[in-house]
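Colleague: Below is one structure. I have some questions about it.
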Amino acid sequence: MLAHQFKILTNTFITLAFCTLPSLAAPESEPELVLESLSKSSTTDSLPLGTLLDSQGKPLPIPAEQSALDYSPPTVNVDNTSPKTKTNKTQSTKTKNKKLSRKQQLASRDKVANDPSCRWLDARISQLETQIGNKREQAADYHSDELNARKQEWQCLKCGVEGPNPDDYHRCQYRR
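Put into structure tokens, the structure is as follows:
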């Protein structure tokens, strides 16, 4: 019981001390800052639009607007009379006139099915063909073996026509 009364007396004393402390600590000579006095001083020193001030109150120069990126693409000269494009054009006109059989469509690489495996196979076969063309016969022997295996995989996955079925991936996978 005494402890309870002692606690109440201490809390009362602390509360009274805090209530009288601000009136004792506040000096009388300092004028009180009122919201009206602050707003009046800022309206007299108004800044024009588009100006910025640094930490010391001095105006900062704003750079003029300019493009952040000036880019002009390089000019490319395309030679339309290359012999490679002429042979491709003549071959494509012959194939357009003649309907390909199912077996020819499977082996053909003119069209690639919309499948990641088929797109990869097409790129790999093209890469192997260029590597074989650049090397001698004996040096390109292992490349020609892989090229034959990839062409069989191409036909098995039906990459030249509609693309593989889900069970074709396991059945047609190239095994070394």
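Residue numbers (mature numbering (1 follows the signal peptide of the UniProt record, and there is no 0)): -25 to -1, 1 to 151. Beta carbons: idealized from backbone N, C-alpha and C, even for Gly.
Skipping 5 residues on each side, what residues in its chain have a beta carbon closer than 6 Å to that of Y144?
Modeller: Start at 1 with the first residue of the sequence shown, and residue 144 comes out as number 169. Contacts found: none.
Colleague: Which same chain residues, not among the five before or five after Y149, have their C-beta less than 6 Å away from its C-beta?
Modeller: Along the sequence shown, one-based indexing puts residue 149 at 174. Excluding positions up to five away in sequence, the list reads A124 and E128.
Colleague: Can you find the residues in the same chain that come closer than 8 Å, C-beta to C-beta, to D90, ignoring five residues on each side of it along the sequence?
Modeller: Your numbering for residue 90 matches position 115 in the sequence shown. So the list reads L132, C134, G138 and P139, once near-sequence residues are dropped.
Colleague: Could you compute how far the alpha carbon of S47 sits from the alpha carbon of D142?
Modeller: Within the sequence shown, numbered from 1, the residue matching residue 47 stands at position 72. Within the sequence shown, numbered from 1, the residue matching residue 142 stands at position 167. S47 and D142: Cα-Cα distance of roughly 50 Å.
Colleague: Check whether the Cβ atoms of L103 and L81 sit closer than 7 Å, and answer yes or no.
Modeller: The residue labelled residue 103 in the question sits at position 128 within the sequence shown. The residue labelled residue 81 in the question sits at position 106 within the sequence shown. Cβ distance not < 7 Å, so L103 and L81 don't count as in contact.
Colleague: Which residues does DSSP pair with P34 in a beta bridge?
Modeller: Within the sequence shown, residue 34 is the residue found at index 59, counting from 1. DSSP, once it has assigned bridges, lists L28 as partnering P34.
Colleague: For L96, count the other beta carbons within 10 Å of its own beta carbon; 16 or more makes it buried, fewer makes it exposed. Which is it?
Modeller: The residue labelled residue 96 in the question sits at position 121 within the sequence shown. When all chains shown are included, L96 counts as buried.
Colleague: Assign A98 to one of three DSSP states: helix, strand, or coil.
Modeller: For the purposes of this step, residue 98 is identified with residue 123 of the sequence shown, where counting begins at 1. Correct three-state label for A98: helix.
Colleague: In terms of residue numbering, what span does the alpha helix (DSSP H) encompassing K133 cover?
Modeller: Within the sequence shown, residue 133 is the residue found at index 158, counting from 1. Element bounds for K133: n/a, residue is neither H nor E.
Colleague: By Cβ distance, which residues of its chain are closer than 7 Å to S119, with the 5 residues on each side in sequence left out?
Modeller: Position 144 of the sequence shown, counting from 1, holds the residue named residue 119. The residues are I107.
Colleague: Near K86, what residues of its chain come up, given a Cβ to Cβ distance below 7 Å and the 5 sequence neighbours on each side ignored?
Modeller: If you number the sequence shown from 1, residue 86 lands on position 111. Correct list, in chain order: G135.
Colleague: Helix or strand or just coil, what does DSSP make of D116?
Modeller: By 1-based counting over the sequence shown, the position of residue 116 is 141. Helix at D116.
Colleague: Output the distance between the C-alpha atoms of C(-7) and L24, rounded to the nearest integer angstrom.
Modeller: Residue -7 sits at position 19 when you count from the first residue of the sequence shown. Residue 24 sits at position 49 when you count from the first residue of the sequence shown. C-alpha separation (whole angstroms): 47 Å.
Colleague: Which class does D143 belong to by DSSP, given the choice of helix, strand or coil?
Modeller: Position 168 of the sequence shown, counting from 1, holds the residue named residue 143. Of the three classes helix, strand and coil, the one that applies to D143 here is helix, per DSSP.
Colleague: Since I believe P34 is in contact with T26 (beta carbons under 8 Å), could you give me their beta-carbon distance rounded to a whole number of angstroms?
Modeller: Here residue 26 refers to the residue found at position 51 when the sequence shown is read from its first residue. Here residue 34 refers to the residue found at position 59 when the sequence shown is read from its first residue. T26 to P34, Cβ: 5 Å. Contact.
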